[in-house]
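Before any comments, here is the structure.
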């Protein structure tokens, strides 16, 4: 299905979205595959685009009651609370500063 380097990268990924492009594809071309990896396992594929993959990843985190990876905690907090406006009244200081800067 995927080449060896892609399979290794997926196996080493704890939490993420992957995009596979055909060799020689232009930047505007549709990806060959977009999917989600949790704990080194491809849990979803053929999602079509990154925006949908982000929504599905947030849904998986919620449904499976997963914690955000520590190194990505602020990224996911901004996605959840500022972009999607879920539980938006409880922001960390870093997220609040970003929200203030974005609202100017």
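Numbering (the numbering used here), first residue to last: 377 to 480. Beta carbons are placed, not taken as given, at the ideal position from N, Cα and C, and that holds for glycine. Since the structure is predicted, the reported quantities are computational estimates derived from the model, not experimental observations.
When rounded, the separation of the alpha-carbon atoms in residue 427 and residue 400 is 23 Å. Distance from the CA of residue 478 to the CA of residue 471, rounded to the nearest whole angstrom, comes to 10 Å. The segment 411-422 and the segment 450-461 do not touch, with fewer than 3 CB-CB distances between them shorter than 8 Å.
Each of 384, 391 and 480 was checked against the Cα of residue 413, and the nearest Cα belongs to 391.
Our two residues, residue 415 and residue 389, have alpha carbons roughly 6 Å apart in a direct line.
Taking the C-beta atoms as reference points, residue 429 is found nearer than 9 Å to residue 411.
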